[in-house]
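Below is one structure, written out as structure tokens, with a few remarks after it.
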Amino acid sequence: MTSIVTNLTVTQIRNLSTAAIQLLNTEDVAALNSTQIAALSSSQVNAFSSDSLLAFDSSQIGAIAVSALAGLNASQLAALESGHISGLNSKQISALSSAQVDSFTTDQIELLSSAQIAALGFDAFTTINSDELATFTTDEIAAISVKALAGLTTDALAGLETDRIIALNSKQIAALSSDQLAALSSDQVAALTTDQVVALTAKQLSGLSTDTVAALTTDQVAVLGSKQIVAFSSVQMAALSSEQIEALTSSQIAALGSAALATISSDELATFTTDELAAISVKALSGLSSAALAGIDSDDITALNSKQIAALSSAQISGLSTDQVAALSTSQINALTAKQLSGLSTDTVAALSTDQVAALNSKQIVAFTSSQIATLTSEQVEALTPGQIAALSSSAIAAMDADEIATFSTADIAAIGVKALSGLSTDDIAGLTSDQARAFTSQQIGALNSAQVEAVIAAYNDV
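Here it is in structure tokens:
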């Protein structure tokens, strides 16, 4: 019969019934040439027994028409051996249905080449399980098309060893769904290369669990772009360790919002360099807790620019230590608002340097309460300029003791406002030198009460 089979024309082959196909033995099947096989229909292919199909060599398998492949059933597919698997070309592979691919055993899946894997589509990959995916080499992983990759289940992706997951290229990484990426283990994510991390989308990153975020290496954290870092929720930011926070760059920190900075602890803020502190946006600065701000070293607090200083809330400013406030530059002091200054503790006010006190403008000096003025030392009062003294109210003058008033220069005395003079006690005036007493202007003298005038006269005459 074999001789008859080999002489059948294409038309005759096409006209063979399925019953006739089933009568062919393995020798008959092996005798079919590529042209004859290409003429077979799906129903004819389906009629071959598994044993008969095994008689095909790789070239005969490769000759089966794409349209006829649909006839291969689960039993036939499961019986295919390595030579048959290797004989399937890319067009044939891509034509297989998901059910047909699902019929392949793990061993058969392992036999697929990179080119064959590249030909598999989305539907085919929905049938690949974790054991099957685990058989893929790095080249085969890299061969998976972007569209097909989306078909992989989260369970299947869990089967990828860390040395395999790094084979995914940037386009493949970016194509993973949020659910797929979120399903990766902490070890898998930690194994991603920096190039792969850079390829992650904001949506993917926002779906990572806190355990996974905490597992990121410092190198991975450092390469995240601005759009990526802002994708982290406050919960995810809170999961970052001090080492990860320390790995953040100035540009990343500049992108963080107030909600993100609200999760920063004092120990974490202490890891910020001066450039990183200066990079914090004015809007984001409000998110820092007073406790966190306490983590800034007094040597580093000078890195905050004037706009940042002015943006701090009264609570944040009042939460600064005396050492931190004492370390502020004169330009930073000059940037403080009246509300911020009025919130300073008396201990903090007393810790201001004379240069800081002298840097305060008239609007700032009048923001001090009587209690704050009362805590100023003689050295601080002596540092006040005539312009500052001119802005003081009577209650502010009254808050100073005689020793502090005695530090006033003649220009300071002449600068005291007419309305503020009522704050001077007779003891204050009695402590003045004759030169200081002579510094009162005629307008000031005219505003003094009788007891103050007598005290001025006595001081004038050095009585």
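Per the numbering used here, numbering of the sequence shown is gapless, rising by one per residue and ending at 965. We put the beta carbon where it would ideally sit given N, CA and C, even for glycine.
query	result
Closest by C-alpha distance to residue 871, when choosing among 736, 644, 845	845
Inter-residue spacing [alpha-carbon to alpha-carbon] between residue 956 and residue 934	13 Å
Enclosing alpha helix (DSSP H) for residue 905 [first to last residue]	904 to 907
Top-ranked residue by Cα proximity to residue 698, from 683, 752, 712, 741	683
Option nearest residue 854 by Cα separation, candidates 878, 565, 577, 646	878
Helix, strand or coil at residue 889 [DSSP, three-state]	helix
Exposed unless 16 or more other CB atoms sit within 10 angstroms - verdict on residue 914	buried
Residue 725 and residue 741 closer than 9 Å at C-beta	no
Inter-residue Cα distance where the pair is residue 648 and residue 625	13 Å
Boundaries (first-last residue) of the alpha helix (DSSP H) holding residue 564	560 to 565
Per-residue burial, residue 573 [other beta carbons within 10 Å of its own, 16 or more giving buried]	buried
Spatial distance of residue 642 from residue 619 (CA atoms)	7 Å
Length of the line joining the Cα atoms of residue 690 and residue 751	24 Å
Residues near residue 571 by beta carbon distance below 6 Å, same chain, minus five either side	594, 597
Minimum C-alpha distance to residue 793 - residue among 671, 764, 926	764
Length of the line joining the Cα atoms of residue 882 and residue 729	48 Å
Proximity to residue 702 [Cα-Cα], best of 720, 733, 717	733
Any non-hydrogen atom of the ligand NAP closer than 8 Å to residue 807 Cβ	The ligand NAP is absent from the structure shown, which contains no ligand whatsoever.
Extent of the continuous alpha helix (DSSP H) to which residue 705 belongs	704 to 708
Residue 516 classed as buried or exposed, judged by whether at least 16 other C-beta atoms fall within 10 angstroms	exposed
Three-state secondary structure (DSSP) of residue 773	coil
Where residue 579 sits in the DSSP three-state scheme	helix
For residue 920, three-class secondary structure by DSSP	coil
Spatial distance of residue 892 from residue 857 (CA atoms)	18 Å
Distance between beta carbons of residue 867 and residue 894, contact taken as under 8 Å	7 Å
As assigned by DSSP and simplified to three states, the class of residue 815	coil
Contained alpha helix (DSSP H) runs [length at least 4] in the region 659 to 692, N- to C-terminal order	664 to 667, 672 to 677, 680 to 685, 688 to 692
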